[in-house]
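Visitor: My questions all concern the structure below.
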Amino acid sequence: MAYTEEELKKELETKEYEYGFYTDIESDTFPVGLNEEIVIAISKKKEEPEWMTQWRLEAFKAWKLMEEPKWANITYPKPDFQAISYYSAPNSKPKYDSLDEVDPELLDTFKRLGISLDEQKKLAGVAVDIVMDSVSVATTFKKTLAEKGIIFCSISEAIKEHPELVKKYMGSVVPQKDNFYAALNAAVFSDGSFCYIPKGVRCPMELSTYFRINQAGTGQFERTLVIADEGSYVSYLEGCTAPSRDENQLHAAVVELIALDDAEIKYSTVQNWYPGDKEGKGGVFNFVTKRGICHRNSKISWTQVETGSAVTWKYPSCILKGDNSIGEFYSIAVTNNYQQADTGTKMIHIGKNTRSTIISKGISAGKSQNSYRGLVQVNSRAKNARNFSQCDSLLMGNDCGAHTFPYIEVKNKTAQIEHEATTSKIGEDQIFYCNQRGIDTEKAIALIVNGFSKEVLNKLPMEFAVEAQKLLEISLEGSVG
Amino acid sequence: MLKISNLHAGIENNEILKGINLEVKAGEVHAIMGPNGSGKSTLASVIAGKEEYEVTEGSVVLEGENLEDSSPEERAHKGIFLSFQYPVEIPGVSVTNFMKTAINEGRKAKGLDDMPAKDMLKMIRDKAELLEIDRKFLSRSLNEGFSGGEKKRNEIFQMAMLEPKLAILDETDSGLDIDALRIVANGVNKLKNKDNAVIVITHYQRLLEYIVPDFVHVLHQGKIVKSGTKELAHELEEKGYDWLKQETAV
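Chains A and B, in that order, are what the protein sequence lines are. Letter by letter, the first sequence follows residues 1 to 481 of the numbering used here. Letter by letter, the second sequence follows residues 1001 to 1250 of the numbering used here.
As structure tokens, this is what we get:
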């Protein structure tokens, strides 16, 4: 563990949501409500070409006829989609050439988030594309990446600069009409990240994006598209923090990954949106569609640490289309107080000799409900497909719930499917054992939880692993008393 | 070092310890023997401060300080160590990581900084060598899949790392074959010095051939019914606890 006891102590003292401040920056915000005019206005605001506007309108038409999914093991008041403003951007445009030109208050926000850009610049290895309320404000390390032919920019920029790539791939994995929230996102997405790794290139650094919801009452509709061309490799990090808000905020993102032949994409997420207060008031509704497609001999690996949001609905999935392709899903989902999470993955085996691994660790505390929902599907021509799934649940206290909903559909006799599941509770005996060695209860829980989550934490890039460990401890504070 | 006076304690209104008196001085080894259900393990848990036991009367005093209001971790910081009869498993937490956390928490309580990694490594290496522990063992998850012997040896390794003033070994011999017993006992003997004390809780006399006690106490129905030197242990082995039960019944 790279952090010191002092840092940890400081963290433990902060009981309230850590990033619960609000930056007062003038915003360019649309009136509430959603109709065709708003969709067109968003597109116009972003100076998009006609084809993009049409694409959005098609999605909007489909969305109007769709209904919210109700099958998840979550209950929440239905968001009023006409009470949301669908566009908000920090005012100080256009983009800056250097940090000096950026609104100092915004820079201060970044600093409080612990992601000061000047530091980030010095710290080798991480390029940051910061999305603050929907518009990319600063993109660093672009030059280094450009030398390798790597494109890493906001999706709005990509629509203008690389229309051929966007046209070809956007919506190819998550179609506009895929589901209610994906359709909504397709109609109104404000911004997001775009990444293209050319043939045979190994991206020399972890690509990282920090998302943040800032304006009251604005939904955030990110759209991310990552394309790894033949034989390339990229590791992409996504981290989220959001300020405290009383009213529920809606977050409906779409992430599409395309791994062409022999390519590899590693996508890691630490999600720490505001979970609501101890009584279950407020918090972010997180309805996300994440999916990747694997072509021949390629590999997609999803790793997620989900500690935030009042309601989470999220299933990062892999379509294993190409022969010998590999899909992986490593997840830690923590729920405390009144949080609800229904999360898992889908592994769709289409090609021959395709392999998938699912490791899911659910930790529930307080009065929360934590569900794993996963589908392993082996299609008829997917010869010799293999899957290994492991779903472990850890319960803390007597008022929380852990649920596992594994779906397995196999249409080819040569498939090998393994599923293991355990449910355990942090025992008084374990706590006393730690206490007797001089470790207090709070620290003991952190130790036990980190041990439980280790297989997944180990999959995270180093700097994320440290952050994730801290997050686990913070989110479970006060859960045993 | 440790003074227990008229200690009454129990669980959910069921009194198990009914007036224990015991004094342990630095440098001494005390053995507490007794039949099943006599209260041996309860005594160990009460000294360590396990919260489900309620002390209704009497006191436990360590180096002049009454432990009444001390939490289990505070007692640990003050130098009490309990080697558990049934050590628990903590999956995913290595022996090394667990010890690092325990040592640094103890240092924090004393207002010290974390032990530098270099010193920690050296200490781990030295103690592992002293107790003939393979270092591969230290990277395994705490007690997970350990054999009975490995679990007990791990307890003694932790004792070596934490350097307690008072170590209580609760049925450390149970589930051990003779070789494992010898290794564990040798470890305890190596760690023993004039400044610390050991309480050995055991059902059988066997362990006491390796860890030789200065005093032997026999616990029966929540009371110490007989105290003596190591000869008492031999006598018990020969005549069995029934002899004592009859004697005390008279």
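We treat Cβ as the ideally placed atom computed from N, Cα and C, and that holds for glycine.
Would you verify that the beta carbon of A:Asp246 is, or is not, closer than 8 Å to some beta carbon of chain B?
Guide: Confidence at A:Asp246 is low in this model, with a pLDDT of 46, below 50, so its placement is unreliable and the value that follows should be read with caution. No, its Cβ sits nowhere closer than 8 Å to a Cβ of chain B.
Visitor: From B:Met1006 to B:Val1060, what distance separates their C-alpha atoms?
Guide: The question names Met, but residue 1006 of chain B is Asn in the sequence shown. Going from the Cα of B:Asn1006 to the Cα of B:Val1060 covers about 9 Å.
Visitor: In chain order, what residues of the segment 1073 to 1096 of chain B put their CB closer than 9 Å to some CB of chain A?
Guide: Answer in chain order: Glu1073, Glu1074, Arg1075, Ala1076, His1077, Ile1080, Phe1081, Leu1082, Phe1084, Tyr1086, Pro1087, Val1088, Glu1089, Ile1090, Pro1091, Gly1092, Val1093, Ser1094.
Visitor: For A:Lys361, which residues does DSSP report across the bridge?
Guide: A:Ile332, A:Asp392, per the DSSP bridge assignment.
Visitor: Please return the same chain residues whose Cβ sits closer than 6 Å to the Cβ of A:Ser252, not counting the five positions on each side in sequence.
Guide: Checking the displayed sequence, the identity of residue 252 of chain A turns out to be Ala instead of Ser. Taken in chain order, the residues that qualify are Tyr181, Leu184, Asn185, Phe221, Phe287.
Visitor: At least one CB of chain B closer than 8 Å to the CB of A:Ile474: is that the case?
Guide: Chain B contact via Cβ: absent.
Visitor: Going along chain B, which residues have a C-beta under 7 Å from A:Lys425?
Guide: Chain B residues near A:Lys425: none, gap ~13 Å exceeds 7 Å.
Visitor: Answer with buried or exposed for B:Lys952, where buried requires no fewer than 16 other C-beta atoms within 10 angstroms of its C-beta.
Guide: Nothing can be reported for residue 952 of chain B: it is not among the residues displayed for chain B, which extend from 1001 to 1250.
Visitor: Can you tell me whether B:Gln1246 is buried or exposed? The criterion is at least 16 other CB atoms within 10 Å of its CB, across all chains shown.
Guide: So B:Gln1246 counts as exposed.
Visitor: Kindly indicate if chain C contains any beta-carbon less than 8 Å away from that of B:Ala1167.
Guide: Considering every chain present, this structure includes no chain C. Its protein chains are A and B.
Visitor: Which residues in chain B have a C-beta closer than 9 Å to the C-beta of A:Ile448? List them in chain order.
Guide: In chain order: Ile1090, Pro1091, Gly1092, Val1093.
Visitor: For A:Lys443, return the contacting residues in chain B, with the cut-off set at a CB-CB distance below 8 Å.
Guide: Those within 8 Å of A:Lys443 in chain B are Thr1101, Glu1105.
Visitor: Using 10 angstroms around the beta-carbon of B:Leu1112, count the other beta-carbons present and answer buried if the total reaches 16, otherwise exposed.
Guide: B:Leu1112 should be labelled exposed.
Visitor: Once you ignore the five residues that flank A:Val174 on each side, which residues in its own chain have a CB closer than 7 Å to its CB?
Guide: Hits under 7 Å: Ala182, Val254, Glu256, Thr289, Arg291.
Visitor: Could you tell me how far apart the beta carbons of A:Ala228 and A:Phe194 are, in whole angstroms, since I believe they sit closer than 8 Å?
Guide: That belief does not hold up - the Cβ atoms of A:Ala228 and A:Phe194 are roughly 13 Å apart, past 8 Å.
Visitor: I'd like to check one pair, A:Asp262 with A:Glu543: are the Cβ atoms closer than 8 Å?
Guide: The requested residue 543 of chain A is not part of the displayed model; chain A covers only 1 to 481.
Visitor: Can you give me, in chain order, the residues of the segment 1042 to 1072 of chain B that have a beta carbon less than 9 Å from any beta carbon in chain A?
Guide: Listed by position along the chain: Ser1045, Ala1048, Gly1049, Lys1050, Glu1051, Glu1052, Ser1071, Pro1072.
Visitor: How should A:Tyr483 be labelled, buried or exposed, when 16 other C-beta atoms within 10 angstroms of its C-beta is the threshold for buried?
Guide: Shown here, chain A extends from 1 to 481; a query on residue 483 of chain A therefore has no answer.
Visitor: Output, in chain order, the set of chain B residues within a Cβ distance shorter than 7 Å of A:Lys454.
Guide: What A:Lys454 touches in chain B: Gly1092.
Visitor: At the level of alpha carbons, what is the spacing between A:Thr224 and A:Phe189?
Guide: Spanning the two alpha carbons is a distance of roughly 10 Å.
Visitor: A:Asp178: buried (16+ other C-beta within 10 angstroms of its C-beta) or exposed?
Guide: It counts as buried.
Visitor: Mind checking whether A:Asn73 and A:Ser371 have CB atoms under 8 Å apart?
Guide: Yes, these two residues count as a Cβ contact at 8 Å.
Visitor: Given that A:Gln436 touches chain B, what residues does it touch there, using C-beta distances under 7 Å?
Guide: In chain order: Ala1048, Pro1072, Ala1076, Leu1082.
Visitor: Using a Cβ-Cβ cutoff of less than 6 Å, which residues in the same chain neighbour B:Asp1214 once the five nearest sequence positions on both sides are dropped?
Guide: Once the five neighbours on either side are set aside, the close Cβ partners of B:Asp1214 are Glu1028, Val1029.
Visitor: With DSSP collapsed to three states, give me the class of A:Lys314.
Guide: Residue state, collapsed to three classes: strand.
Visitor: Helix or strand or just coil, what does DSSP make of B:Gln945?
Guide: Beyond the ends of chain B as shown, which are 1001 and 1250, falls residue 945 of chain B; an answer cannot be given.
Visitor: Kindly list, in the order they appear in chain A, the residues whose Cβ is closer than 9 Å to that of B:Leu1162.
Guide: Chain A residues near B:Leu1162: Arg437, Gly438.
Visitor: Between the C-alpha atoms of A:Cys153 and A:Ser301, what's the straight-line distance to the nearest angstrom?
Guide: Their Cα atoms are separated by approximately 22 Å.
Visitor: Taking C-alpha atoms, which residue in A:Ala421, A:Asn387, A:Arg373 lies nearest to A:Leu394?
Guide: Among A:Ala421, A:Asn387, A:Arg373, the Cα nearest to that of A:Leu394 is on A:Ala421.
Visitor: Starting from B:Leu1043, trace the beta strand (DSSP E) both ways and give me its first and last residue.
Guide: Note, B:Leu1043: premise wrong, no beta strand (DSSP E); alpha helix (DSSP H) at 1040 to 1048.
Visitor: With a threshold of 16 other CB atoms inside 10 Å of the CB of A:Ser235, please say whether the residue is buried or exposed.
Guide: Classification of A:Ser235: buried, given that the 10 Å Cβ count is 16 or more.
Visitor: How many angstroms separate the CA atom of B:Glu1155 from the CA atom of B:Ile1011?
Guide: Approximately 26 Å, taken between the alpha carbons.
Visitor: Determine, using beta carbons only, whether B:Gln1205 comes closer than 8 Å to chain A.
Guide: So, not an interface residue.
Visitor: I need the boundaries of the alpha helix (DSSP H) containing B:Met1159, first residue and last residue.
Guide: Run containing B:Met1159: 1148 to 1162, per the alpha helix (DSSP H) assignment.
Visitor: Excluding the 5 residues flanking A:Tyr86 on each side, which residues of the same chain have their C-beta closer than 7 Å to its C-beta?
Guide: Once the five neighbours on either side are set aside, the close Cβ partners of A:Tyr86 are Phe30, Leu34, Ile38, Ile42, Val188, Gly219.
Visitor: For A:Asp118, count the other beta carbons within 10 Å of its own beta carbon; 16 or more makes it buried, fewer makes it exposed. Which is it?
Guide: Caution applies to A:Asp118, whose pLDDT of 44 falls short of 50 and renders its modelled position unreliable; the value that the coordinates give is listed next. Exposed is the call here.
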